[in-house]
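Have a look at the structure below, then the notes.
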Amino acid sequence: MKLLLTVFIILIFGGTAFTQTAKLDSLNKLISQASTDTARINLKNKKISIISRIDIDSAIALSKQTVKEAINIHYQKGEATARLQLASNYCMKGTYPLAAQNLLLSKKIFLSLKDSLGFCDTYSVYGMMYGMQSKYDTSITYLEKAIAVAERNKYKERLNAYYSNLAIGYQMKGNYLKALEFYQKSLDLAKEKKDTVAQAKTDLNMGSAYINTGDTIRARRFILEAIRLAKKENLKNVELYGYTNLAELYLEMQQPQQAYTYALQAANLGKEMGDNGIRSVSLAKAAKSLAKMQKFTEALTLAKQAITMADSSGQTYNRYQAYSIMGSILKQQQQYKAAIPFLEKGLAVLEKTDFYGEDVGVTYTTLSHCYEKTGYYEKALSFYKTSKQIADSILTRDNIRKTTELSMNYEFNKKQEAQRIEQKNKDAITQARLLAVLIIFVLTLILAMVAFRAYRNKQKANAQLQLQKEEIQKTLSKLERTQAQLIQREKMASLGELTAGIAHEIQNPLNFINNFSEINTELITELKEEADKGNLKEIKEIAANIEENEQKINQHGKRADNIVKGMLQHSRTSTGEKQLTPINALTEEYLRLAYHGLRAKNKDFNTTLVTDLDKSLGKIEVAPQELGRVLLNLFNNAFYATQQKKARLNGQYEPEVKVTTRQLDGSIQIRVRDNGMGIPENVQSKIFQPFFTTKPTGQGTGLGLSLSYDIITKGHGGELEMQSKEDIYTEFIIRLPLKNKEF
Numbered sequence: 001m002k003l004l005l006t007v008f009i010i011l012i013f014g015g016t017a018f019t020q021t022a023k024l025d026s027l028n029k030l031i032s033q034a035s036t037d038t039a040r041i042n043l044k045n046k047k048i049s050i051i052s053r054i055d056i057d058s059a060i061a062l063s064k065q066t067v068k069e070a071i072n073i074h075y076q077k078g079e080a081t082a083r084l085q086l087a088s089n090y091c092m093k094g095t096y097p098l099a100a101q102n103l104l105l106s107k108k109i110f111l112s113l114k115d116s117l118g119f120c121d122t123y124s125v126y127g128m129m130y131g132m133q134s135k136y137d138t139s140i141t142y143l144e145k146a147i148a149v150a151e152r153n154k155y156k157e158r159l160n161a162y163y164s165n166l167a168i169g170y171q172m173k174g175n176y177l178k179a180l181e182f183y184q185k186s187l188d189l190a191k192e193k194k195d196t197v198a199q200a201k202t203d204l205n206m207g208s209a210y211i212n213t214g215d216t217i218r219a220r221r222f223i224l225e226a227i228r229l230a231k232k233e234n235l236k237n238v239e240l241y242g243y244t245n246l247a248e249l250y251l252e253m254q255q256p257q258q259a260y261t262y263a264l265q266a267a268n269l270g271k272e273m274g275d276n277g278i279r280s281v282s283l284a285k286a287a288k289s290l291a292k293m294q295k296f297t298e299a300l301t302l303a304k305q306a307i308t309m310a311d312s313s314g315q316t317y318n319r320y321q322a323y324s325i326m327g328s329i330l331k332q333q334q335q336y337k338a339a340i341p342f343l344e345k346g347l348a349v350l351e352k353t354d355f356y357g358e359d360v361g362v363t364y365t366t367l368s369h370c371y372e373k374t375g376y377y378e379k380a381l382s383f384y385k386t387s388k389q390i391a392d393s394i395l396t397r398d399n400i401r402k403t404t405e406l407s408m409n410y411e412f413n414k415k416q417e418a419q420r421i422e423q424k425n426k427d428a429i430t431q432a433r434l435l436a437v438l439i440i441f442v443l444t445l446i447l448a449m450v451a452f453r454a455y456r457n458k459q460k461a462n463a464q465l466q467l468q469k470e471e472i473q474k475t476l477s478k479l480e481r482t483q484a485q486l487i488q489r490e491k492m493a494s495l496g497e498l499t500a501g502i503a504h505e506i507q508n509p510l511n512f513i514n515n516f517s518e519i520n521t522e523l524i525t526e527l528k529e530e531a532d533k534g535n536l537k538e539i540k541e542i543a544a545n546i547e548e549n550e551q552k553i554n555q556h557g558k559r560a561d562n563i564v565k566g567m568l569q570h571s572r573t574s575t576g577e578k579q580l581t582p583i584n585a586l587t588e589e590y591l592r593l594a595y596h597g598l599r600a601k602n603k604d605f606n607t608t609l610v611t612d613l614d615k616s617l618g619k620i621e622v623a624p625q626e627l628g629r630v631l632l633n634l635f636n637n638a639f640y641a642t643q644q645k646k647a648r649l650n651g652q653y654e655p656e657v658k659v660t661t662r663q664l665d666g667s668i669q670i671r672v673r674d675n676g677m678g679i680p681e682n683v684q685s686k687i688f689q690p691f692f693t694t695k696p697t698g699q700g701t702g703l704g705l706s707l708s709y710d711i712i713t714k715g716h717g718g719e720l721e722m723q724s725k726e727d728i729y730t731e732f733i734i735r736l737p738l739k740n741k742e743f
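Here full-length UniProt numbering is used: the first residue of the sequence shown is 1, the next is one more, and so on.
This is the structure:
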């Protein structure tokens, strides 16, 4: 992330007309000859942007001096511009509190001046600061704001840097297709302006993205081109990152000797520039290369240096790399116990970041192996599960490469075809000029051949496009079928829960029917005996008892009939048809069915049920089957949460599920609250996303709450929200509009 953000600051304030040294000499002369204080400060700000590419510490010192001079002459715009560059260089040093302080002052000044360009630049530096701390979601948000302002105000000269910065955010989030899209936009602008400095930096970052996708051929081509342009323009920072990216590339290609050479070259250049962040990364890669060559003593020495440098840089991802590489080297030497603290510390620094890449999963796997080898099998299993979860939740490199190539092939082929046609047209024109003396027939024939060839090429391109379209359509159809199967699975799971509850419900009336039938059989025998004796009084009493029992049999038979009808209604394919439904009765019915369904599967299951139902609440128009499915899902989740907490606390806890209904102004409210595990704050925003679940693998599809949310919001025009505190409670709130109601 760091390279691109450095490039961005230079692109905002710097130029590309001539080499760095020549421009510095020219600027120094202009500064000494400046006729006004404001002109001198403006020139110094330009000088800062150039020095930032070569010597960060010198750039910081000059920025501080320029800020003081601008304050002395009350030149606010000059002060804000200097502070903005100071903030960017503090970020490069990992001094984020000072960077944030200067950004805030810059923002206030540009706001007071109503300087939209300055405000736009401030957004972009905020994006840089958060990106360098691996907070990529926040970084992307600020950069998108900067792009929106730049596009609205037609600040085209800014867009090259902004597009490139935004691409970095997507790259670090693993969205390489989106990253390459914005890199290409940035590269097109650089070529349009003939800006070789911007082109060098964008080439470098595109090479890095292609390393991520596993396309080593394109990666090497772009990085080498970036280094060539960097040497031409004296861009030390681009050259530096080019070497460290080549080291990474050769590690991927299993060529550790070449990787080691480039990593050391980058580390030495980083030391020269005062950039501890990239120096630490380069030393770590050099250590990794030595370990691959079985040179463990030298590897450990460099890894220790990398950790020291990474800690001083304050940059999260650099620290993670340094510690995790040290851990992996120790693990290679079978020093499992020594490796564990380094691996754990590397993962710990990522806890408050948005970084979630494939290599993090590998680190968890390495840590799991170390714990296994040291006899800590429980921890080994825990970290192995985490690594599997990461592997299951992100695209593998092969899939990323296939997806990227599938999406990009058409564009690349189209451009190549257009270039080929253009070249052939040029050749045809040249031939036409040379043969101008020939008869019109020959010229017409040549043009006809060119046109025919162009037509054939177009037909081929169209055929290829059609094939790609059909392939994509097949993939889409397959995904839709898979989604439909998962939704049906969720519905069948819901029906299964109902069936278990209904089985319990129907058993009670059947027991009554059987008992009263047996009693009547005995009474009939007694009746016959009394009839033989001629005892009319006893006969009448027995007949009355038989009649009373028959009424009870009839009553419980009707109850069983109603339960069966309700089950058939639920199992019938839902049409979504709405009807006036008693909400309290529906809620009580599904609460009872959910509870007895779980009791049928788990005899030890027990939870206190509390109902607080608004008696004034009558019937409202809903789809009862769909709403019942939502209630069943919420009740089952509540019961699951209380039982998990009870198991964790070894029974020292009283589980409780409370259901409340209320009539509000223009709506009704249903609340389902449990005192179970609660939901962690960091995943609460994802709770209604399809396929997201907090349950262990195999215990949930992740579709229950997503389907419930759609039923309430889309099917009923209502709201479904969740409130929770971890280890205290979780409460789901349903709000339904009172369109039609019957009291």
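Note that the Cβ used here is the ideal one computed from N, Cα and C, for glycine as well.
Count the other CB atoms within 10 Å of the CB of residue i; is the residue buried (16 or more) or exposed (fewer)?
i, result
"Thr444", "exposed"
"Arg648", "exposed"
"Tyr455", "exposed"
"Thr316", "buried"
"His556", "buried"
"Lys154", "exposed"
"Glu731", "buried"
"Ala451", "exposed"
Run through DSSP, which three-state label would residue i get?
i, result
"Phe154", "Before going on, a small fix: residue 154 reads as Lys here, not Phe. The answer is coil: DSSP assigns Lys154 none of H, G, I, E or B."
"Asp604", "coil"
"Leu664", "strand"
"residue 790", "In the structure as shown, the chain starts at 1 and stops at 743, and residue 790 therefore has no counterpart that could be examined."
"Val437", "coil"
"Ser324", "helix"
"Gln333", "coil"
"Asp674", "strand"
"Gln315", "coil"
"Gln652", "coil"
"Glu719", "strand"
"Val610", "strand"
"Lys231", "helix"
"Glu726", "coil"
"Gln669", "strand"
"Val349", "coil"
"Lys658", "strand"
"Leu367", "helix"
"Pro696", "coil"
"Gly534", "coil"
Return the first residue and the last residue of the alpha helix (DSSP H) that residue i is part of.
i, result
"Gln625", "Pro624 to Arg648"
"Pro582", "Pro582 -> not in any alpha helix (DSSP H); beta strand (DSSP E) instead, spanning Gln579 to Pro582."
"Val125", "Ser116 to Met132"
"Thr81", "Gln76 to Lys93"
"Gly375", "First-last for Gly375: undefined, no H or E at that position."
"Gly704", "Gly704 to Asp710"
"Glu181", "Tyr176 to Glu192"
With distances taken between CB atoms, is the gap from residue i to residue j smaller than 8 Å?
i, j, result
"Tyr590", "Phe635", "yes"
"Asn72", "Ala87", "no"
"Ala263", "Ser289", "yes"
"Ile524", "Ile546", "yes"
"Asp37", "Gly274", "no"
"Gly314", "Thr95", "yes"
"Ser280", "Ala306", "yes"
"Leu249", "Ala219", "yes"
"Ile539", "Phe516", "no"
"Leu580", "Glu626", "no"
"Leu632", "Ala594", "yes"
Quick check on the DSSP output: the beta strand (DSSP E) that includes residue i runs from which residue to which?
i, result
"residue 744", "Nothing about residue 744 can be read from this structure; the chain reaches only from 1 to 743."
"Leu736", "Tyr729 to Pro737"
"Ser208", "Not the beta strand (DSSP E): Ser208 falls in the alpha helix (DSSP H), residues Thr196 to Thr213."
Any beta carbon from chain D within less than 8 Å of residue i's own beta carbon?
i, result
"Met293", "Checking the listed chains, one finds no chain D in this structure; it contains a single protein chain."
Tell me the start and end of each unbroken alpha helix (DSSP H) in the region 16-64 that is at least 4 residues and wholly inside, in chain order.
20-32 and 37-51
Every unbroken alpha helix (DSSP H) inside the region 244-307 [4 residues or more]
256-273 and 276-292
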